[in-house]
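Engineer: My questions all concern the structure below.
There are 2 protein chains.
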Amino acid sequence: MLDAKISVAVIKRLPKYYRYLELIGDKGIIRVSSQELSKITGLTASQIRQDLNHFGAFGQQGYGYNVEELKIELEKIMGVDKPYNVVIIGFGNIGSALLNYSGFKKKGFKVVGIFDNSPEIIGNKANDVVIKDVSELEEVVTREKVDIAILAIPAIPAQEITDKLVACGIKGIWNFAPIDLKLPRNVVLENVHLDGSLLTLTYYMNSLKDYPGVR
Amino acid sequence: MLDAKISVAVIKRLPKYYRYLELIGDKGIIRVSSQELSKITGLTASQIRQDLNHFGAFGQQGYGYNVEELKIELEKIMGVDKPYNVVIIGFGNIGSALLNYSGFKKKGFKVVGIFDNSPEIIGNKANDVVIKDVSELEEVVTREKVDIAILAIPAIPAQEITDKLVACGIKGIWNFAPIDLKLPRNVVLENVHLDGSLLTLTYYMNSLKDYPGVR
DNA sequence: TAGATTGTTAATCGATTAACAATC
DNA sequence: TAGATTGTTAATCGATTAACAATC
């Protein structure tokens, strides 16, 4: 089943599997069955096996899955077995939070550029990276072969900057601006729409009857 | 159809509808059809009508929907027609980013407390709110009748703090810690798992064939 | 070998899309 | 009224769950 198209729902569960595997791996646990994973993740054992089998047969009948092995497979599947060059665009609150985001440091994400349009902070250094004017964005993205751009800017300039990034060959955009960006199909977009998340929270606080519990 | 259980997928689309209604409302557009909404949101007209009809019949045959009216209805549905008292727990990068999060200011979210465990910042003020030691959390949450707690702390202490919040009658938790919190069913949890989002991005950057395009 | 647990197919369930009668 | 567009039912599509043969 390595060829069929894999749905977003499956992909969104992979980081969860990975997180729990790290957790039990750190406890020194060597093997785990889909049933045990089911218990700790809250997903069904059937779904876990089904999900993993989209990518290969990583388990062994009568045994289960080797924790370290499966972790490494998931890293490969999720593409975090290799390094990425990253730029942060917009160095307000969110941008600076992301610079120090611990998720970056563990894995191979390297922030090679920070951009803003405020004269007050341009020229400053943050984590040894000089904050540059957005006008220098294209030069840096091209020269440093940047893979991922983080958009931590308001909605208004986001599409224009995105278009420039695309022209410079960016491969992925992690977008924190509250806007749906238009992109060619070969550039991957992942949105973090905080407004949507917060409104989902308030919805369920007022409509507990629909609340499905922790997802 | 006002009574059937409404799925998460529907709820997650409401903020999107709301955002586009604000957008066209600001342009002075008075009425909009599901077909027009379809064009700008990228969802099908059928789905839009279906979604809205879970909550009531807001449109009018032959006319469409009144933009302002629908906006107000969505505000009621999503529960942002009323104020919320909020505390921020953990005043590192993410916590301070959220304090200034513009989504709060537009709506009725009021930050009534900020907590941290670092002696260096306890006692400081941020946006006129004094940063307090986490030991004072329960007192403030109880006294100020806090509705929502934002967890911007590491995974390790998150469950313990959550248990305290629950004991003080918190109604909702907006969780930025990379952990699946255990909660009674009457306390609503909304997770922002940045690690999951980032790994989804890298997955699709490496498996473009599965990339469904902007979602 | 016997027991356990996977990989995978089939059955069920739920969500999306299509169609159209109702009605403004 | 005629045209447009909703609200809603029925059809389709896809994802989850159940079941079990394969096999370690």
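If you're matching them up, the sequences are chains A and B in order. So that you can map any letter, position 68 of the first sequence is 68 in the UniProt record's numbering, and since no number is skipped, the others follow by simple counting. So that you can map any letter, position 32 of the second sequence is 32 in the UniProt record's numbering, and since no number is skipped, the others follow by simple counting. Even for Gly, the Cβ is constructed at its ideal location relative to N, Cα and C.
Touch check for the stretch 43–62 of chain B and the stretch 87–106 of chain B: three-plus C-beta pairs under 8 Å?
Structural biologist: Not touching, per the Cβ criterion.
Engineer: Which parts of the UniProt domain "CoA-binding" (79–180) of chain A are runs of the alpha helix (DSSP H), unbroken and 4 residues or longer, counting only runs that do not cross its ends?
Structural biologist: Runs of the alpha helix (DSSP H) inside the UniProt domain "CoA-binding" (79–180) of chain A: 93–99, 102–106, 137–143, 155–167.
Engineer: Just to confirm before moving on: does the CB-CB distance between A/Ile114 and A/Ile121 stay below 7 Å?
Structural biologist: No; because the gap between Cβ atoms is not below 7 Å, this pair is not in contact.
Engineer: Could you tell me which chain A residues have their CB closer than 7 Å to the CB of B/Glu190, listed as they occur along the chain?
Structural biologist: Within chain A, the residues near B/Glu190 are Ser197, Thr200, Leu201.
Engineer: Comparing the C-beta of A/Asp51 with each C-beta of chain B, is any distance below 7 Å?
Structural biologist: Not an interface residue.
Engineer: DSSP has B/Leu183 in a bridge; who is on the other side?
Structural biologist: None; B/Leu183 has no bridge partner.
Engineer: In terms of residues, what are the limits of the alpha helix (DSSP H) holding A/Val10?
Structural biologist: Its alpha helix (DSSP H) spans residues 8–26.
Engineer: Name, in chain order, the residues that DSSP records as bridge partners for B/Leu189.
Structural biologist: Looking at the DSSP assignment, B/Leu189 forms a beta bridge with B/Ile173.
Engineer: Residues of chain A with a CB under 7 Å from the CB of B/Lys12: which are they?
Structural biologist: Correct list: Gly196, Thr200.
Engineer: Quick one: grab the DSSP three-state call for B/Tyr65.
Structural biologist: Of the three classes helix, strand and coil, the one that applies to B/Tyr65 here is strand, per DSSP.
Engineer: Look at the Cβ atom of B/Thr200, then the Cβ atom of A/Glu22, and state whether they are nearer than 7 Å.
Structural biologist: Contact: no.
Engineer: Which residues in chain A have a C-beta closer than 9 Å to the C-beta of B/Ile29? List them in chain order.
Structural biologist: Simply none; closest approach about 18 Å.
Engineer: List the residues of chain B that A/Ala97 touches, going by C-beta distances under 7 Å, in chain order.
Structural biologist: Within 7 Å Cβ-Cβ: Asn93, Ile94, Ala97.
Engineer: Chain A partners of B/Asp210, CB-CB under 7 Å?
Structural biologist: Per Cβ cutoff of 7 Å: Lys5, Ile6.
Engineer: Rounded to the nearest angstrom, what separates A/Lys12 and A/Asn175 at their Cα positions?
Structural biologist: The alpha-carbon atoms of A/Lys12 and A/Asn175 are separated by roughly 17 Å.
Engineer: Starting from the Cα of B/Asn100, find the closest Cα among B/Val129, B/Leu74, B/Lys76, B/Ile72 and give me that residue.
Structural biologist: Ranking the options by Cα distance to B/Asn100, first place goes to B/Val129.
Engineer: Assuming B/Asn85 and B/Glu144 make a contact with CB atoms under 8 Å, what is their CB distance in whole Å?
Structural biologist: Contact holds; Cβ gap of about 5 Å.
Engineer: With 16 as the cutoff for other CB atoms within 10 Å, does A/Tyr203 come out buried or exposed?
Structural biologist: Buried is the call here.
Engineer: Is A/Gly79 close to chain B, meaning its C-beta is less than 7 Å from at least one C-beta of that chain?
Structural biologist: So, interface residue.
Engineer: On the criterion of 16 or more Cβ atoms from any shown chain inside 10 Å, does B/Leu2 qualify as buried, or is it exposed?
Structural biologist: Note that B/Leu2 scores 44 on pLDDT, short of 50, meaning its location in the model is unreliable and no value can be drawn from it.
Engineer: Is there a Cβ of chain A sitting closer than 7 Å to that of B/Tyr17, yes or no?
Structural biologist: Not one chain A Cβ lies under 7 Å of B/Tyr17.
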